[in-house]
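**Student:** Residue numbering for the sequence shown follows my numbering, beginning at 19 and increasing consecutively.
We put the CB at the ideal spot given by N, CA and C, even for glycine.
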Amino acid sequence: MSALAAKTGTANKLYTYADYYNWGEDAERCELIDGVVYGMSAPTIAHQNVVLGLGAELRSFFKGRRCRPFISPVDVRLFPKGLDDTVVQPDVIVVCDPKKFSDGKAIQGAPDLVVEVLSRSTYKHDNKRKFQKYEQAGVREYWIVDPLYWQVYVYILKDNKFTRFGVFDESDEAISSHIFEGLAIKPSDIFEEEQAESETEGEQN
């Protein structure tokens, strides 16, 4: 996919999900935003520790319930009934409509909950481009997790616009969801590995 990589982040040619799907499983990881290709680099260990922690907590909470959590990489077609030119791979999602994952290939439509874990390379992408697309698609709740400062920003969709519901950090007892009653995750359960690694590095220095 080297030829495609050369077009990453430009609008010289616009693509759709059909193009994306035809690139195949061996293609480099990327996302489409309004038909423009954005390459994805491998996540850091810190990033994956947080994703795994969140995934474990959500899997436990939703066990036996209608809604189902997924962790990346999983394709999400935000506007499958429109131009179908936006395909993203959120870090963690929760989908409550089984029809949206019935084809076994991609999520078709907006997840109910989307979680993005920030990294240096994705900060603007998650806070601007994808923020706007999740809002436009009708994602009901959006969490932005900052593993550097151990903070979680929770946004809820109100009148078709994201409104900040709260900012949670290690001092809080739990990170709570607005749309899923009873869903409350202790910050220490998702940042535990990062805290341990920081303490170890401090001892070594």
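(1) What's the gap between the Cα of GLU75 and the Cα of LEU136?
(2) Mark ASN30 as exposed unless 16 or more other C-beta atoms lie within 10 angstroms of its C-beta, in which case mark it buried.
(3) DSSP three-state label for SER78, please.
(4) Which two residues bound the contiguous beta strand (DSSP E) that contains LYS117?
(5) Check whether the Cβ atoms of PRO165 and ALA64 lie closer than 8 Å to each other.
(6) Can you give me the C-alpha to C-alpha distance between THR140 and GLY184, rounded to a whole angstrom?
(7) Quick check: the Cα distance between PHE119 and GLY53, rounded to an integer number of angstroms?
(8) So, using beta-carbon positions, are THR34 and ASP102 closer together than 8 Å?
(9) Which whole runs of the beta strand (DSSP E) in the segment 97–183 are 3 residues long or more, in chain order?
(10) Compute the minimum distance between the beta carbon of TRP41 and the heavy atoms of the ligand PLP, and state whether it is under 7 Å.
(11) Determine the DSSP secondary structure at LEU201, reduced to helix, strand or coil.
(12) By how many angstroms is the C-alpha of ALA155 removed from the C-alpha of VAL110?
(13) Please state the DSSP three-state secondary structure of LEU72.
(14) Is VAL105 closer than 8 Å to TYR38 when the C-beta atoms are compared?
(15) Just to confirm before moving on: does the CB-CB distance between TYR152 and TRP161 stay below 8 Å?
(16) So, for LEU50: in the same chain, excluding its five sequence neighbours on each side, which residues have a beta-carbon less than 7 Å away from its beta-carbon?
(17) Label SER90 either buried or exposed according to how many other C-beta atoms from any shown protein chain fall within 10 Å of its C-beta, with 16 as the threshold for buried.
(18) Here's the rule: buried if 16 or more other CB atoms are within 10 angstroms of the residue's CB, otherwise exposed. What is SER148?
(19) Rounded to a whole number of angstroms, what is the C-alpha to C-alpha distance between LEU70 and ASP177?
(20) Just verifying my parser: in three-state terms, what is the DSSP assignment at SER194?
(21) So, with DSSP's three-state summary, where would you put ASP52?
**Tutor:** With the structure as the only source:
(1) 19 Å
(2) exposed
(3) helix
(4) Counting along the chain, LYS117 falls outside any beta strand (DSSP E), and DSSP gives it neither H nor E.
(5) yes
(6) 22 Å
(7) 22 Å
(8) yes
(9) 110–113, 131–135, 159–164 and 169–176
(10) In terms of ligand content, the structure shown is empty, and the ligand PLP therefore cannot be addressed.
(11) coil
(12) 17 Å
(13) helix
(14) yes
(15) no
(16) TYR33, TYR38, ASP103, THR104 and VAL105
(17) buried
(18) Residue identity differs from the one stated: residue 148 is Lys in this sequence, not Ser. That one is buried.
(19) 32 Å
(20) strand
(21) coil
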